[in-house]
Structure formats: C-alpha cells, structure tokens
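Written below as structure tokens is the structure these notes are about.
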Amino acid sequence: MKTKYATISKTGRRSNNEDTFRVVDMPQQDRFMGIVCDGMGGHYCGEVASETVCNAITKYWEKYAATVDCTTKVGLACKKASVAIDSKSDQLGHVQIGTTMVMASIEKDNVTIAHVGDSRCYLLRPGDGLLYQTQDHIRLDFGWEVIAKCFFSYRSDVAVPDVRQFSLQAGDRLLLCSDGLHKSMKDETLLTLMAEDKPLEEIINEYDKICETRGDDNYTAILIEVE
C-alpha cells in the first residue's frame, strides 16, 4: 500500500528539543517505517538518548528490510538499541540516560506497532473511528507519575515493548507522537483533527498551533495516511 505523511518536531517552551524522529520510506519494497523517541528530561542528555535509540532501531530496520515484520524482529531491534544506549552511557562516563519509543512499520497491507513509555500511536479508520491506541507505561510512586518501561542505561529489562499487528485499509491514518503533543490537548480534540478531511500538513499545523499555545514541552509527531 502507498503511504503519505507529514511531520513536526519542535522545542516548544523547553530550552532544547530532546525528541528525535525518523522516517524510512521504501515504496519500491512496499514498506514504510516511522519512529518517535522522547528523551527523558529528568536525566542527563535526553536528546542523546532519544537519538541513540532512534538511530539504532532505524538502522536495524533498514538493514533487515527484507525480513518479515514480527514480534521477534522488533525484539531484536530493541536489543540492539539497548546495547547502543549502554555504549553511549559508557562514553559519557556511565551517566544514566533514557528515552521512550513508539514506532509503526507498514509492510504491504499490515502494520506492526511497538512502544515503550508514554509516546503514543493512534490508528484511525474512516467510518470506524479509533481502532487502536497504545497504553502508556506509567506507574504512580508517592503521587508522581513514573515511566515504567523505557530504554534506560544498563536496564534492558525495562526496554521490552508492547507489540501489536493489524491489517490496514485505504484511508487509515496513524499518528505517532511524543507526550508533549498528546498532553497539550484532549484526546477528543486530537482525534477529531486527525480524522478531518484535510491534507496531512494542515492537520499537523493545527497540532502545532495548539501545542505552541497550551503546551510546555517538546512536541513531535508523524502523521501517516495509507492510500
């Protein structure tokens, strides 16, 4: 299936952008992959963590483009990313760095969605509404929200993603985004805009306006439509 997409990644009200995203579009092979990583701001070098994991998974996906998408493939890519983040921590003097991750890989008329943390994927179908939404990996510690799953230095045990696979239809839309975007608006607003009969770039611009006005974090999104 053919895909088209639009992207955004902005600093927002933070001093630097700790989000990273990549898109791998391979129309000749009937494949597409998008990934968003959000570096954990409470730790050192969030932007380094997000870029390290994002690049590691993207390179694995490009190298094994001919391999059928499956849970095992996602797991192996994530193991590579865990090794990469440990190596980066070593280079930085054994500091602790971490990032969330959400990705969607489209292979012909199927999509594989994987995530750790609170970056999200939404899958919307015309006429049917929301088909799937990732569930944030969050727990409460003494009233504070804590990321329960993520890529984190020397903690590969918490970098085990949830993986789901679906069949796609023409007109389906997927949104990958960091929490800076989805926390800037109500879910109803996010989904209403996502379903609008407008070019993807116009919808992304609407998200941008809302995040710029109401958000307090970096915000990143990849909006994809299947044709």
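Sequence positions in the sequence shown follow this note's numbering and run 1135 to 1361.
Think of the CB as a built atom: it goes at the ideal place given N, C-alpha and C, for glycine as much as any other residue.
Comparing alpha carbon positions, the residue from Thr1347, Arg1298, Ala1293 closest to Lys1317 is Thr1347. Just measuring C-alpha positions, the residue of Asp1252, Gly1146, Ser1301 sitting nearest Asp1203 is Ser1301. For Ala1140 and Cys1212, the gap between their C-alpha atoms comes out near 25 Å.
In the DSSP assignment, Met1160 falls within the unbroken beta strand (DSSP E) covering 1153-1160.
Nearest C-alpha to Glu1181 among Gly1168, Ile1358, Ser1143, Thr1137: Ser1143. With fewer than 16 other CB atoms across the displayed protein chains lying within 10 angstroms of its CB, Thr1201 is exposed. With contacts defined as CB atoms closer than 8 Å, Gln1299 and Arg1259 fail to qualify as a contacting pair. Here the region 1146-1166 lies against the region 1229-1245, with 3 or more beta-carbon pairs under 8 Å apart. Annotation: Cys1284 to His1271 spans about 8 Å, alpha carbon to alpha carbon. By the CB criterion at 8 Å, Val1250 and Ala1218 fall outside the cutoff. Linking Ser1223 to Lys1332 through their CA atoms gives a straight-line distance of about 43 Å. If you ignore the 5 residues before and after Glu1330, its C-beta comes within less than 7 Å of the C-beta of Ile1337, all in its own chain and listed in chain order. Annotated three-state conformation of Leu1226 is coil, per DSSP. Closest option to Glu1196, judged by alpha-carbon separation, among Met1160, Thr1154, Asp1296: Met1160. Beta-bridge partners assigned by DSSP to His1249: Val1236, Asp1296. Comparing alpha-carbon positions, the option among Leu1210, Leu1264, Cys1255 lying closest to Leu1315 turns out to be Cys1255.
A Cβ-Cβ contact shorter than 8 Å links Leu1308 with Ala1238. Counting only the Cα atoms, Ile1247 lies some 23 Å from Val1280. The shortest C-alpha to C-alpha distance from Asp1306 to any of Asn1339, Gln1269, Asp1262 is the one to Asp1262. Using a 10 angstroms sphere on the CB of Thr1137, the tally of other CB atoms reaches 16 or more, which defines it as buried. Here Cys1345 carries a helix assignment [DSSP, helix/strand/coil].
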